[in-house]
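Numbering-wise (the UniProt record's numbering), the first sequence opens with residue 1 and increments by one.
Here the structure is laid out as structure tokens; the discussion comes afterwards.
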Amino acid sequence: MKNAKGKGAARASKESLKPVDDRKVGKRKASGKPGRSSAPKKEKKAKKDPNKPKRPPSAFFVFLEEFRKTFKAENPNVKAVSVVGKAGGEKWKSLSSAEKAPYESKAAKRKAEYEKLIKAYDKKQASSADDEESDKSKSEVNDEDDASGEEEEEDDEEEEDDEDDD
DNA sequence: TCTTTGATTGTTAGT
DNA sequence: ACTAACAATCAAAGA
Numbered sequence: 001m002k003n004a005k006g007k008g009a010a011r012a013s014k015e016s017l018k019p020v021d022d023r024k025v026g027k028r029k030a031s032g033k034p035g036r037s038s039a040p041k042k043e044k045k046a047k048k049d050p051n052k053p054k055r056p057p058s059a060f061f062v063f064l065e066e067f068r069k070t071f072k073a074e075n076p077n078v079k080a081v082s083v084v085g086k087a088g089g090e091k092w093k094s095l096s097s098a099e100k101a102p103y104e105s106k107a108a109k110r111k112a113e114y115e116k117l118i119k120a121y122d123k124k125q126a127s128s129a130d131d132e133e134s135d136k137s138k139s140e141v142n143d144e145d146d147a148s149g150e151e152e153e154e155d156d157e158e159e160e161d162d163e164d165d166d
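What follows is the structure, encoded as structure tokens:
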């Protein structure tokens with residue numbers, strides 16, 4: 001619970017890394033574009049980069065996805081995103097490293113994919129600078145497609161971090 | 001009608 | 001190194 005002990009030691013540096021008390025960011029740019037049928041008359045300068053990968057969900061978000069399902073399953077009446085977020089956050093802190101491990105594992109995988117995507121995106125940006133996406137540009141983007149060894153390893157459990165155990 | 005907000009934590013990229 | 005913003009969600013309320 002609120003007892004910060006073991007973790008604090010390892011994350012001692014992190015302790016000092018908390019200058020902002022207001023984590024009330026809540027400042028999100030307009031990404032919601034439900035208006036697929038019609039956009040505001042004024043065309044925003046929003047560059048739509050379909051190739052630009054979104055940031056990978058952190059372990060917390062991965063856990064949240066499942067948590068939301070469960071939470072809503074038991075609380076179908078609750079329709080406030082904030083409630084699920086709060087409950088999720090509380091539960092998340094209640095989980096131990098071992099329990100978070102599987103979520104982190106998945107998050108790590110997402111990150112790996114993100115890196116790959118961002119890399120391709122980055123490259124595309126460079127190439128697009130000269131020549132936007134064109135049929136010929138495919139040769140540039142296509143540097144290593146099948147060449148990249150596809151090593152699927154889902155069985156990567158080398159997390160022996162079970163120190164936290166109330 | 002359409003856009004924004006709300007709340008969580010973690011991660012990413014920029015300065 | 002540190003800060004700021006953003007990742008999903010989804011309904012309600014404001015402009």
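Even for Gly, the Cβ is constructed at its ideal location relative to N, Cα and C.
- At least 7 Å separates the beta-carbon of tyrosine 114 from that of proline 76.
- The C-alpha of lysine 93 lies about 14 Å from the C-alpha of serine 58.
- For glycine 85, the closest C-alpha among the options Ala101, Lys100 and Glu65 is that of Glu65.
- Straight-line spacing of the CA atoms in tyrosine 121 and arginine 55 works out to 13 Å.
- When secondary structure is reduced to three states using DSSP, valine 81 falls in the helix class.
- Under the three-state reduction of DSSP, arginine 55 is assigned to coil, being neither helix nor strand.
- A distance below 8 Å between beta-carbons, with the five flanking residues on each side excluded, links lysine 111 to the following residues of its chain, in chain order: Pro56.
- Taking every protein chain shown into account, the CB of glutamate 90 has fewer than 16 other CB atoms within 10 angstroms, so this residue is exposed.
- In the structure shown, leucine 95 falls within a coil segment according to DSSP collapsed to helix, strand and coil.
- Taking the Cα of phenylalanine 63 as reference, the smallest distance to any Cα among Val78, Ala80, Ile118 and Pro102 is reached at Pro102.
- Spanning the alpha carbons of lysine 109 and valine 83 requires a straight line of approximately 28 Å.
- Counting every other CB atom within 10 Å of its CB across the protein chains shown gives alanine 107 a total of 16 or more, marking it as buried.
- Around the beta carbon of lysine 100, 16 or more other beta carbons lie within 10 angstroms, which makes this residue buried.
- Between the alpha carbons of alanine 73 and glutamate 104 lies a distance of about 24 Å.
- In the three-state DSSP reduction, proline 102 falls in the helix class (H, G or I).
- Beyond the five residues adjoining it in sequence on each side, alanine 80 comes within less than 7 Å, by CB distance, of no other residue in the same chain.
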